[in-house]
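Each residue of the sequence shown is one higher than the one before, starting from 1 at the first, in full-length UniProt numbering.
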Amino acid sequence: MEIEVRPEGEASNIRTGITTLAYRNSQTPSRMTYTLQTKVKADIDLWDIFWKFSKDSRIRIDIASSEFPQYPIIDSLVYMRSLILSNNFIKTCFSSLVRT
1 MEIEVRPEGE ASNIRTGITT LAYRNSQTPS RMTYTLQTKV KADIDLWDIF
51 WKFSKDSRIR IDIASSEFPQ YPIIDSLVYM RSLILSNNFI KTCFSSLVRT
């Protein structure tokens, strides 16, 4: 999810996108394999939207294993940790993936 966070802490959802590790590459429409504990690139299409940010707002990216009720619950466990490294970068660490 792409979220605007205003200086007072109020957050607004701007756009949501979804993908799976099996279909993570928009250039390869066929199912891909995933090896645990490996880094992969995932393409998530967020589509165009008109949005005017408030002054001094920040953009937050949330990564989750589901977005119920907008998308169905996925039968997998994803443990992750997100660290804001600076105003412009977010690092997300996936600890493990169980069940595909």
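Ideal Cβ positions, reconstructed from N, Cα and C, are used throughout, including at glycine.
One thing to note: G17 has its Cβ within 8 Å of the Cβ of I44. DSSP places R15 in the strand class (E or B) of the three-state scheme. Cα atoms of E4 and E67: separation of roughly 18 Å, rounded to the nearest angstrom. DSSP places I61 in the strand class (E or B) of the three-state scheme.
Secondary structure at V40: coil, using DSSP grouped into helix, strand and coil. For I3, the pairing in a beta bridge is given by DSSP as N13 and R60. The residue from A64, R24, S54 and Q70 with its alpha-carbon nearest to that of S12 is S54. S30 and P7 have their alpha carbons spaced roughly 43 Å apart.
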